[in-house]
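Take my numbering: the last position of the sequence shown gets the number 235, and nothing is skipped along the way. No residue lacks a Cβ here, since even glycine has one placed at the ideal position from N, Cα and C. Here the structure is a predicted model, which means the values were calculated and not measured.
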Amino acid sequence: MSNKLNSALLEKCISDVLAFANGETITKGSDEVKGKKRNFTETIEIQITLKNYDPQRDKRFSGTFRLPTIPRPNIKCCMLGNAAHCEQADRIGIDHMSVDDLKKLNKNKKLVKKLAKKYDFFLASDNMIKQIPRLLGPGLTKAGKFPTLLAGGEDMQEKIDEVKSTIKFQMKKVMCLNVAVGNVAMEKQEIIVNTQLASNFLASLLKKQWQNIGQIYIKSTMGPSHQIYF
């Protein structure tokens, strides 16, 4: 699918996002705005508004796509694993829980909610994944964090990187979507490629493709938004 984003505009907007996050002054409209360097790595996300789309009548869509560069490298994972997987997680510095650890939560809704809040995503061994609803109840599913399966022969670090670099577009009842495409520590070109691929992938999920996209903005966590598609 052809890329409808203007590459010169996209490059300028991403340069401004990075400059602002670095504490430099940028020009926004006719005003000069002084940036501020934060003491954490800001995430860069795109915000998309749909048009000619009725969430009540049109078919809801959902899709996942793996970006070439991990947009949020610092998101936290917990391995719900068998003995071998817990040992492997320990070696690479990943938090892990065994069946016994999960049993200790005693299906307590507050504790399961706390667990879901503590981590951004979960992996689970194949012999564990079937037991999770029984051990934890529906808490992880409700939080949208039901574990991703890690099969016996798969490389754990590779799987973690795969989940970290996978974005998801899911249509709810609102006409706005947002998704992380990078962070301010990445190279500009990596952010450009991630942004183009994410936008094209969303368009491919829509009935009328780019005709269903109204506007796209790009921004860092604390920075102003820049329109990259009109």
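Let's see if you can read the secondary structure: which residues bound the alpha helix (DSSP H) around Phe235?
Within the sequence shown, numbered from 1, the residue matching residue 235 stands at position 230. Looking at the DSSP string, Phe235 is not in any alpha helix (DSSP H), and its letter there is neither H nor E.
Exposed or buried, Cys181, counting other C-beta atoms within 10 Å across all chains shown (16 or more means buried)?
As a working mapping, residue 181 is identified with position 176 in the sequence shown. Cys181 is exposed by the Cβ-count criterion.
Looking at the unbroken alpha helix (DSSP H) that takes in Ile196, where does it start and where does it end?
Position 191 of the sequence shown holds residue 196. Residues 193-210.
Going by other Cβ atoms of all chains shown within 10 Å of its Cβ, with 16 needed for buried, is Ser225 buried or exposed?
Taking the first residue of the sequence shown as 1, we reach residue 225 at position 220. Result: buried.
Once the 5 residues before and after Leu155 are set aside, which same chain residues still bring their CB inside 8 Å of it?
As a first step, residue 155 must be located in the sequence shown, where it is residue number 150. Excluding residues within five positions, the ones whose Cβ falls inside 8 Å are Met84, Gly86, His90, Leu128, Ala129, Ser130, Asp131, Met161, Lys164.
Alpha carbon to alpha carbon, what distance is there between Phe25 and Ala88?
Numbered from its first residue, the sequence shown carries residue 88 at position 83. Numbered from its first residue, the sequence shown carries residue 25 at position 20. Their backbone Cα atoms lie some 47 Å apart in a straight line.
Do Asn188 and Thr48 come within 8 Å of each other at the CB atom, strictly closer than that value?
For the purposes of this step, residue 48 is identified with residue 43 of the sequence shown, where counting begins at 1. For the purposes of this step, residue 188 is identified with residue 183 of the sequence shown, where counting begins at 1. Taking 8 Å as the Cβ cut-off, Thr48 and Asn188 qualify as a contacting pair.
Ordered along the chain, which non-local residues of its own chain (more than five positions away) have a Cβ less than 8 Å from that of Tyr124?
Within the sequence shown, residue 124 is the residue found at index 119, counting from 1. Once the five neighbours on either side are set aside, the close Cβ partners of Tyr124 are Lys81, Cys82, Cys83, Asp100, Lys150.
So is Asp95 buried or exposed if we call it buried at 16+ other beta carbons inside 10 Å?
The sequence position of residue 95 within the sequence shown is 90, counting from 1. Classification of Asp95: exposed, given that the 10 Å Cβ count is below 16.
Between the C-alpha atoms of Ser230 and Gly219, what's the straight-line distance to the nearest angstrom?
Position 225 of the sequence shown holds residue 230. Position 214 of the sequence shown holds residue 219. Near 16 Å, if we compare the C-alpha coordinates of Gly219 and Ser230.
According to DSSP, is Ser20 helix, strand or coil?
In the sequence shown, counting from the first residue as 1, residue 20 sits at position 15. Residue state, collapsed to three classes: helix.
Pick out the complete beta strand (DSSP E) segments inside the region 10-68, 3 residues or longer, and give them in chain order.
With a minimum length of 3 residues, the continuous beta strand (DSSP E) runs that stay inside the region 10-68 are 30-33, 36-39, 48-55.
What are the start and end residues of each continuous alpha helix (DSSP H) run of 4 or more residues lying completely inside the region 117-167, in chain order?
Taking only runs of at least 4 residues, the alpha helix (DSSP H) segments lying wholly in the region 117-167 are 131-134, 137-141, 144-147.
Could you give the distance in angstroms between the alpha-carbon of Thr30 and the alpha-carbon of Ile233?
One-based indexing of the sequence shown puts residue 30 at position 25. One-based indexing of the sequence shown puts residue 233 at position 228. Rounded to the nearest angstrom, the two C-alpha atoms are 20 Å apart.
So does the region 37-44 actually touch the region 200-214, counting three or more Cβ pairs closer than 8 Å?
The region 37-44 vs the region 200-214: no contact.
Mark Gly144 as exposed unless 16 or more other C-beta atoms lie within 10 angstroms of its C-beta, in which case mark it buried.
Reading the sequence shown from its first residue, position 139 is the one you call residue 144. Result: buried.
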